[in-house]
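Top to bottom, those sequences are chains A and B. Position 122 (the first sequence) corresponds to 130 in this note's numbering; numbering is contiguous. Position 95 (the second sequence) corresponds to 103 in this note's numbering; numbering is contiguous.
Protein chains: 2
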Amino acid sequence: MKKEGGCQAGKGSLERADALCLRRGVRLTPQRRRVLAILCASARPLGAYEILEAMRDGSRSLAPPTVYRALDFLLEQGLVHKLESLHAFVGCRHPDHPHSGQFLICRSCGLVTELEDRGICESLLSAASATGFVPERRVVEVLGTCARCAEEGGCRND
Amino acid sequence: MKKEGGCQAGKGSLERADALCLRRGVRLTPQRRRVLAILCASARPLGAYEILEAMRDGSRSLAPPTVYRALDFLLEQGLVHKLESLHAFVGCRHPDHPHSGQFLICRSCGLVTELEDRGICESLLSAASATGFVPERRVVEVLGTCARCAEEGGCRND
DNA sequence: GTCGATGGCGCAACAGTATAACAGCAACCC
DNA sequence: GGGTTGCTGTTATACTGTTGCGCCATCGAC
Numbered sequence: 009m010k011k012e013g014g015c016q017a018g019k020g021s022l023e024r025a026d027a028l029c030l031r032r033g034v035r036l037t038p039q040r041r042r043v044l045a046i047l048c049a050s051a052r053p054l055g056a057y058e059i060l061e062a063m064r065d066g067s068r069s070l071a072p073p074t075v076y077r078a079l080d081f082l083l084e085q086g087l088v089h090k091l092e093s094l095h096a097f098v099g100c101r102h103p104d105h106p107h108s109g110q111f112l113i114c115r116s117c118g119l120v121t122e123l124e125d126r127g128i129c130e131s132l133l134s135a136a137s138a139t140g141f142v143p144e145r146r147v148v149e150v151l152g153t154c155a156r157c158a159e160e161g162g163c164r165n166d
Numbered sequence: 009m010k011k012e013g014g015c016q017a018g019k020g021s022l023e024r025a026d027a028l029c030l031r032r033g034v035r036l037t038p039q040r041r042r043v044l045a046i047l048c049a050s051a052r053p054l055g056a057y058e059i060l061e062a063m064r065d066g067s068r069s070l071a072p073p074t075v076y077r078a079l080d081f082l083l084e085q086g087l088v089h090k091l092e093s094l095h096a097f098v099g100c101r102h103p104d105h106p107h108s109g110q111f112l113i114c115r116s117c118g119l120v121t122e123l124e125d126r127g128i129c130e131s132l133l134s135a136a137s138a139t140g141f142v143p144e145r146r147v148v149e150v151l152g153t154c155a156r157c158a159e160e161g162g163c164r165n166d
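Below, the structure written as structure tokens:
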């Protein structure tokens, strides 16, 4: 459980989030910012209760609703994503434009890669609209083995 | 909570499941068959505890592990799917060939449509393999409004 | 037949995830 | 000042899923 710099989001994530919320007229309060900071600093997705634990750092006792409310806000603003298959959250890699990404989730090392593949979006939307369905939220998660782990794990070429 | 014939799976679902398990040399025990029957008879996805409730029908008292074990089996055999975004399960519409479908989930009426769109699969797989990722399980769920509800709800064309 | 191995199931307890409901408080508008 | 709104703290609880143990039926070996 290393604690070093975030892989998910760059250094300026928080500052960009500040600017973005300012522009939108919504409030990135200290609690919300804290949750975002924890997520951005993590190399892997975190569960709500892990975030809670991280927020308790010093001594303050916090309860789940605090974290969930902050997450709700951040999800609404597109600053974080929820990984349904993991019950966990990650900082968004490019929050500047609203989107619902696709996620490659390595079961071996926990690494999550966020994609924004136009082909996937289009085939998904066209398949949906072919049935008259009106999409609102898309959940696309692929569980498997990342390149590095697949390599280390023994060069599976099958 | 109507109980009439299943929309998700046709009439012969159970019989096909019997044959399939026989062929594979695995046992579709009464409990497992019961869970499958309940799912197939439901017009909408059911949570594990809803299935549990349905199984208690008469008087027998059952515990969660019973249902979860049956579901594990059915999932392994591809006879049911889990909808991660709903924490719920549906009978598979075409269990004869293994696959991981895509799901259109209506937030208004609960209807779930299972797709098997080649385009989506291919764009997903090609995007994954472009990064060297080795996919094992795919979760593709689109939440929104089904054609009927969209129509009734007031012809939203936006 | 009976012995051990296996797999399915019943049962109790518990772990993990998420929400409801209510209270306090600060900021803002009038 | 007084009402309103939005954010947070707190307690309790609901919902989802798992662990661990023990029983019993089945099946093959002997």
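Built from N, CA and C at the ideal position, the CB exists for glycine as well.
Residue range of the beta strand (DSSP E) that includes residue i
{"i": "residue 143 of chain A", "result": "142 to 153"}
{"i": "residue 88 of chain A", "result": "88 to 91"}
{"i": "residue 114 of chain B", "result": "110 to 114"}
{"i": "residue 99 of chain B", "result": "96 to 99"}
{"i": "residue 122 of chain B", "result": "120 to 123"}
Segment limits, alpha helix (DSSP H) that includes residue i
{"i": "residue 56 of chain A", "result": "56 to 63"}
{"i": "residue 4 of chain B", "result": "Absent from the structure is residue 4 of chain B, since the part of chain B shown begins at 9 and ends at 166."}
{"i": "residue 139 of chain B", "result": "It is not in any alpha helix (DSSP H) - residue 139 of chain B carries neither H nor E in the DSSP assignment."}
{"i": "residue 78 of chain B", "result": "72 to 84"}
Contact set for residue i: own chain, Cβ-Cβ below 6 Å, skip 5 residues either direction
{"i": "residue 11 of chain B", "result": "The pLDDT assigned to residue 11 of chain B is 40, lower than 50, so where the model puts this residue is not dependable, and the model offers no usable value."}
{"i": "residue 128 of chain B", "result": "110"}
{"i": "residue 81 of chain B", "result": "40"}
{"i": "residue 121 of chain A", "result": "112"}
{"i": "residue 103 of chain A", "result": "86 and 87"}
{"i": "residue 62 of chain A", "result": "46"}
Contact set for residue i: own chain, Cβ-Cβ below 8 Å, skip 5 residues either direction
{"i": "residue 163 of chain B", "result": "Residue placement at residue 163 of chain B is flagged as unreliable, the pLDDT there being 48, under the threshold of 50; the coordinate-derived value follows with that caveat. Excluding positions up to five away in sequence, the list is empty."}
{"i": "residue 123 of chain A", "result": "109, 110, 111 and 112"}
{"i": "residue 107 of chain B", "result": "86 and 124"}
{"i": "residue 174 of chain B", "result": "In the structure displayed, chain B extends from 9 to 166; residue 174 of chain B sits before or after that span and is not available."}
Exposed unless 16 or more other CB atoms sit within 10 angstroms - verdict on residue i
{"i": "residue 27 of chain B", "result": "exposed"}
{"i": "residue 148 of chain A", "result": "buried"}
{"i": "residue 89 of chain A", "result": "buried"}
{"i": "residue 126 of chain A", "result": "exposed"}
{"i": "residue 132 of chain A", "result": "buried"}
{"i": "residue 38 of chain A", "result": "exposed"}
{"i": "residue 30 of chain B", "result": "exposed"}
Contacts around residue i, its chain only, beta-carbon distance under 7 Å, and the 5 residues preceding and following it disregarded
{"i": "residue 60 of chain A", "result": "70, 72 and 75"}
{"i": "residue 83 of chain B", "result": "90"}
{"i": "residue 55 of chain A", "result": "95 and 96"}
{"i": "residue 151 of chain A", "result": "93, 113 and 115"}
{"i": "residue 45 of chain B", "result": "22"}
{"i": "residue 153 of chain B", "result": "114, 115, 116 and 161"}
Cβ-heavy atom distance, residue i to the ligand MG, below 6 Å
{"i": "residue 104 of chain A", "result": "The ligand MG is absent from the structure shown, which contains no ligands of any kind."}
Inset, instruction - Spell out a yes or no on whether the segment 59 to 68 of chain A and the segment 104 to 119 of chain A are touching, meaning 3 or more CB-CB pairs, one atom from each, closer than 8 Å. - result: no
Inset, instruction - Report yes or no: do three or more beta-carbon pairs, one from the segment 69 to 76 of chain B and one from the segment 24 to 34 of chain B, lie closer than 8 Å? - result: no
Inset, instruction - Evaluate contact between the segment 126 to 142 of chain A and the segment 137 to 146 of chain B, counting only Cβ atoms and requiring at least three cross-stretch pairs below 8 Å. - result: no
Inset, instruction - Determine, using beta-carbon pairs with one atom in the segment 152 to 159 of chain A and one in the segment 20 to 30 of chain B, whether at least three such pairs fall under 8 Å. - result: no
Inset, instruction - Count the C-beta pairs between the segment 131 to 140 of chain A and the segment 86 to 104 of chain A that are closer than 8 Å, then say yes if the count reaches three, no if not. - result: no
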